[in-house]
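Asker: Position 18 of the sequence shown, counting from 1, maps to 148 under the numbering used here, and the rest follow consecutively.
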Amino acid sequence: MRAAVVGGGPAGLMTALLLARRGVAREVVVWERDREENAGFGVILPPEATELLRRAAPHLADEFAEHVVRWQTTTVEREGDSWTTSATPDLAAIARATLNRLLWQECASAGVILRERVAPRLSALATSYDLVVCADGAGSLADQAGFEVSLEQVGPRYAWLGLDDAVDGLTFLTRPVADGLFMAHAYPYSATASTFLLEGPRAIDPDDIRALFGVRVSTGTGDDTYQWRTFRERTVRPWALGNIVVVGDAAHTTHYSIGHGTYLAFADAEALVDAVAGADTAAGALRDYEALRRPVVEQAQGLGRASAEWFTRAVDELDRPLSRFAASLLTRGGRLVRAHEP
Ligand SMILES: Cc1cc2nc3c(=O)[nH]c(=O)nc-3n(C[C@H](O)[C@H](O)[C@H](O)COP(=O)(O)OP(=O)(O)OC[C@H]3O[C@@H](n4cnc5c(N)ncnc54)[C@H](O)[C@@H]3O)c2cc1C
Numbered sequence: 131m132r133a134a135v136v137g138g139g140p141a142g143l144m145t146a147l148l149l150a151r152r153g154v155a156r157e158v159v160v161w162e163r164d165r166e167e168n169a170g171f172g173v174i175l176p177p178e179a180t181e182l183l184r185r186a187a188p189h190l191a192d193e194f195a196e197h198v199v200r201w202q203t204t205t206v207e208r209e210g211d212s213w214t215t216s217a218t219p220d221l222a223a224i225a226r227a228t229l230n231r232l233l234w235q236e237c238a239s240a241g242v243i244l245r246e247r248v249a250p251r252l253s254a255l256a257t258s259y260d261l262v263v264c265a266d267g268a269g270s271l272a273d274q275a276g277f278e279v280s281l282e283q284v285g286p287r288y289a290w291l292g293l294d295d296a297v298d299g300l301t302f303l304t305r306p307v308a309d310g311l312f313m314a315h316a317y318p319y320s321a322t323a324s325t326f327l328l329e330g331p332r333a334i335d336p337d338d339i340r341a342l343f344g345v346r347v348s349t350g351t352g353d354d355t356y357q358w359r360t361f362r363e364r365t366v367r368p369w370a371l372g373n374i375v376v377v378g379d380a381a382h383t384t385h386y387s388i389g390h391g392t393y394l395a396f397a398d399a400e401a402l403v404d405a406v407a408g409a410d411t412a413a414g415a416l417r418d419y420e421a422l423r424r425p426v427v428e429q430a431q432g433l434g435r436a437s438a439e440w441f442t443r444a445v446d447e448l449d450r451p452l453s454r455f456a457a458s459l460l461t462r463g464g465r466l467v468r469a470h471e472p
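#1: Between the Cα of R245 and those of V206, V135, N230 and H189, spot the shortest distance and give me the residue it belongs to.
#2: What is the DSSP secondary structure of Y356, counted as helix, strand or coil?
#3: Across the stretch 396-404 and the stretch 440-458, are there enough close Cβ pairs to call them in contact, namely three or more that are closer than 8 Å?
#4: Check Y259 in the structure and name its three-state DSSP category.
#5: Measure the Cβ-Cβ separation of A380 and A265 and say whether it is below 7 Å.
#6: Would you report the Cα separation of T205 and F302, rounded to the nearest angstrom?
#7: Just confirm the distance between the C-beta atoms of C237 and V160, as a whole number of angstroms; I'd bet it's less than 8 Å.
#8: Assuming contact is defined by CB atoms lying nearer than 7 Å, are V263 and A256 in contact in what I supplied?
#9: Let me know the secondary structure DSSP gives Q283 once reduced to three states.
#10: Quick one: what's got a C-beta closer than 6 Å to E471's C-beta in the same chain, skipping five residues either side?
#11: Please classify A155 as buried or exposed, where buried requires at least 16 other C-beta atoms within 10 Å of its C-beta.
#12: From the DSSP output, which residues share a beta bridge with R364?
#13: Beta carbon of W369: closer than 6 Å to some heavy atom of ligand 1?
#14: Short of 6 Å in beta carbon distance, which residues of its chain neighbour V467, apart from the five on each side in sequence? Order them along the chain.
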């Protein structure tokens, strides 16, 4: 089989790696238009992501372990007061650019052909390759290829920012203002850097952020940096048309506040390659892939919506005692078990 993969993010690189390493495809080509894109700083990964990396390539998991940051505490800070718990989920964070670089190197050593440019049109790929994997993120080429796409805005406005400093564990910072609440989710992803994801009722600039939070944020260097956005939950039906299939953010997005997008992308890739490897027909394999993954993704999207909803109405929780506010935050949408409550 010859496989074409559009997009060299977590979904595309993991799919390509598994297709090549397991000998499912004799030729795998990845197109990535912008390897230097580094907006987004760090991402949080659950333990399942490390396990999946280990199944994909044990030494990749070892390298990953050298670059991740783990933390022992979660802190909620409000008006000069803070509440900390050590009953913290086992999460790891890594720079998005580092994760993609490790996967890229692994693909190169597995014999994947890596092309640093915009992919050809899907219609051209679909006639030249047996399998075409759209792993090109939330603005996928699949949107023009007959897939039915719906987008729903969820959660407050946000800006994805960074700090040139490692904060102490996962930290939520709240700053009430006259028209609502600004809230930052900060976590370290290296010894010297943190993600600073800021939500609020309106866009504010870095000087205002400094005045409000006392920190100097970095805005990244990509074209789309320092934009305030509203998260759009993406749903696609079906996940395969002919020999074209969608994976990762091209197939679905899940609100960032549950930190699952990258892991879901990895798990899609693994399920797709498992299905293709064991199938009699490509069409059957792609149906099996969707049947296996869609319920898992829908459940994660439900959690993401509940979490996003909590952050949208967080201002209404502010008059509760800090420990109750923190418990409500950490158990939002039933996400975390009672063991994480104070
Ligand atoms: C604010 C925010 C915070 C987040 N935080 C987390 C987190 O903490 N943990 C987590 O797991 N996830 C998080 N995510 C989600 C995570 O970033 C995505 O789910 C994940 O990157 C999806 O991987 P992907 O490979 O599907 O897509 P992407 O990472 O978007 O990769 C797609 C790639 O395709 C390339 N591409 C696109 N079109 C073309 C083309 N025509 N030709 C060639 N290349 C192309 C792009 O350059 C890009 O590199 C967050 C998302 C947001 C918005």
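We put the CB at the ideal spot given by N, CA and C, even for glycine.
Answerer: Once the coordinates are examined:
#1: V135
#2: coil
#3: no
#4: coil
#5: yes
#6: 6 Å
#7: 7 Å
#8: no
#9: strand
#10: Interpretation of E471 is limited by its pLDDT of 30, a score under 50 that renders its predicted location unreliable; the figure taken from the coordinates is listed afterwards. So the qualifying residues of the chain are A457.
#11: buried
#12: L281
#13: no
#14: Residue placement at V467 cannot be trusted, given a pLDDT of 37 that sits under 50; what the coordinates show is reported in the next sentence. Within the same chain, V467 has no close Cβ partners at all.
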